[in-house]
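Undergrad: Mapping of the sequence shown onto UniProt numbering: position 126 corresponds to residue 126, and the numbering continues sequentially without gaps.
Even for Gly, the Cβ is constructed at its ideal location relative to N, Cα and C.
For reference, the structure I am asking about is given below.
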Amino acid sequence: MRMMKNMIQNMTETSDEEEEELDDDEELFISKDKKMSWSSIPYETHGKAQAENIIRMTPGPTRFAISRVQDIKSAFELFIPESIQKILIDMTNMEGRRVFKDNWKMIDKTDLDAYLGLLLLAGVYRSNNEATASLWDAETGRSIFRATMSLQTFHVMSRVIRFDNRETRVARRAADKLAPIRELWEKWVDRLSCMYNPGPDVTVDERLLPYRGRCPFKQYIPSKPAKYGIKIWAACDASSSYAWNMQIYTGKPAGGVAEKGQGKRVVLEMTEGLRGHHGGDRAEKQTRASCRFDRDQEQSRPHLQVCLH
1 MRMMKNMIQN MTETSDEEEE ELDDDEELFI SKDKKMSWSS IPYETHGKAQ
51 AENIIRMTPG PTRFAISRVQ DIKSAFELFI PESIQKILID MTNMEGRRVF
101 KDNWKMIDKT DLDAYLGLLL LAGVYRSNNE ATASLWDAET GRSIFRATMS
151 LQTFHVMSRV IRFDNRETRV ARRAADKLAP IRELWEKWVD RLSCMYNPGP
201 DVTVDERLLP YRGRCPFKQY IPSKPAKYGI KIWAACDASS SYAWNMQIYT
251 GKPAGGVAEK GQGKRVVLEM TEGLRGHHGG DRAEKQTRAS CRFDRDQEQS
301 RPHLQVCLH
């Protein structure tokens, strides 16, 4: 009996030592208002998971996407469907007639596919800073560019490609800085959630798309490598990096004041569809965020974890 008691005591002491070692590894992060803390070690959960925290959909491509993909072309057209292509073709032809009058040759789906394909291919070759003349050069360029269309045709299409009706833009732009691409952008973003089911962990973060041209909502963020660009919020599946939702930041309205609680608004808006999408068990990562809005989230988001950089 004494031997058994000693064994139990030794096991208890060993367990306590291991627990102390685990506690030593834990790192705590304190909020700005000193009222909340985050642990670097996930909390253990016991018992049956609550109904709202059960993932009902398998993470990965949706049934909608799987049933419609036969090859690369059909996969591409899931993201750029006929409704989006029609906007591009109609608006580009309208602008082409305005600029070139009777000399304009109407483009069709084949022309649009060729143009978009070359843009994607230039991205694959990491040629964003390479002159187009170099891409089409007979000696140093790539033959697929010359075989697809002439450099002059590419320049003409780049000049007139449009995403909205120029004649009604002024009225729309007065209330919406994103008016030139608003309709097409929202159609495209709506497709993202139809194609993929995110897993239990979803991150919400900002990205600065490098751009130094003219744009009413171009941002300057000195901490970013590019410094100048277009700021985009993205909700991405943490395991695959798939962008499930996106939102362009257009800045404060003309004469307006800086937005307060932007982090709260962005996280809640970007994850609005996740509750019914796959149960609600998710982690959201937000830059410069705090958990002061926990009470709001408890009412609309069943199980929410906000992690900081």
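(1) Under the three-state reduction of DSSP, which class applies to Thr203: helix, strand or coil?
(2) Cβ of Ser241 within 8 angstroms of Cβ of Asp201?
(3) How about Ala235 and Pro210: do their beta carbons lie closer than 8 angstroms?
(4) Could you compute how far the alpha carbon of Leu118 sits from the alpha carbon of Ile230?
(5) Just list the residues that DSSP pairs Asn103 with in beta bridges.
(6) Between Ser31, Glu95 and Asn129, which has its C-alpha nearest Pro180's C-alpha?
(7) Which two residues bound the contiguous beta strand (DSSP E) that contains Trp233?
(8) Hey, would you say Trp233 sits closer than 8 angstroms to Tyr196, going by beta carbons?
(9) Where DSSP assigns a beta bridge to Trp38, which residues make up the other side?
(10) If distances are taken between C-alpha atoms only, which option among Tyr249, Ile161, Gln247 and Ser31 comes closest to residue 313?
(11) Check whether the Cβ atoms of Gln85 and Leu120 lie closer than 8 angstroms to each other.
(12) With burial defined as no fewer than 16 other Cβ atoms inside 10 Å of the residue's Cβ, what is the status of Leu28: buried or exposed?
(13) According to DSSP, simplified to helix, strand and coil, what is Gln70?
(14) Measure the C-alpha to C-alpha separation of Lys32 and Gly263 and round it to an integer number of angstroms.
(15) For Ile181, name the three-state secondary structure that DSSP assigns.
TA: The relevant details are as follows:
(1) In the sequence shown, counting from the first residue as 1, residue 203 sits at position 203. In the three-state scheme derived from DSSP, where H, G and I count as helix and E and B as strand, Thr203 is classed as strand.
(2) Translated into positions along the sequence shown, residue 241 becomes position 241. Translated into positions along the sequence shown, residue 201 becomes position 201. Taking 8 angstroms as the Cβ cut-off, Ser241 and Asp201 do not qualify as a contacting pair.
(3) Stepping through the sequence shown from its first residue, residue 235 is reached at position 235. Stepping through the sequence shown from its first residue, residue 210 is reached at position 210. Taking the C-beta atoms as reference points, Pro210 is found no nearer than 8 angstroms to Ala235.
(4) Here residue 118 refers to the residue found at position 118 of the sequence shown. Here residue 230 refers to the residue found at position 230 of the sequence shown. Whole-angstrom Cα-Cα distance: 23 angstroms.
(5) One-based indexing of the sequence shown puts residue 103 at position 103. When DSSP reads this structure, Asn103 sits in no beta bridge, so it has no partner.
(6) Position 180 of the sequence shown, counting from 1, holds the residue named residue 180. Closest by alpha carbon: Glu95.
(7) Locating residue 233 in the sequence shown gives position 233, counting from the first residue. Per DSSP, Trp233 belongs to the beta strand (DSSP E) from Tyr228 to Asp237.
(8) Within the sequence shown, numbered from 1, the residue matching residue 233 stands at position 233. Within the sequence shown, numbered from 1, the residue matching residue 196 stands at position 196. No; because the gap between Cβ atoms is not below 8 angstroms, this pair is not in contact.
(9) The count along the sequence shown starts at 1 and reaches residue 38 at position 38. In the DSSP output, where bridge partners are listed per residue, Trp38 has Phe29.
(10) Lying outside 1 to 309, the shown extent of the chain, residue 313 is not represented and no answer is given.
(11) As a position in the sequence shown, residue 85 is number 85, starting the count at 1. As a position in the sequence shown, residue 120 is number 120, starting the count at 1. Taking C-beta atoms as the reference points, Gln85 and Leu120 fail to come closer than 8 angstroms.
(12) The residue you call residue 28 lines up with position 28 of the sequence shown. So Leu28 ends up on the exposed side.
(13) Position 70 of the sequence shown, counted from the start, is the residue given in the question as residue 70. Gln70: coil per DSSP, three-state reduction.
(14) For the purposes of this step, residue 32 is taken as residue 32 along the sequence shown, with counting starting at 1. For the purposes of this step, residue 263 is taken as residue 263 along the sequence shown, with counting starting at 1. Between Lys32 and Gly263, the C-alpha separation is close to 14 angstroms.
(15) Position 181 of the sequence shown, counted from the first residue, corresponds to residue 181. In the three-state DSSP reduction, Ile181 falls in the coil class, being neither helix nor strand.
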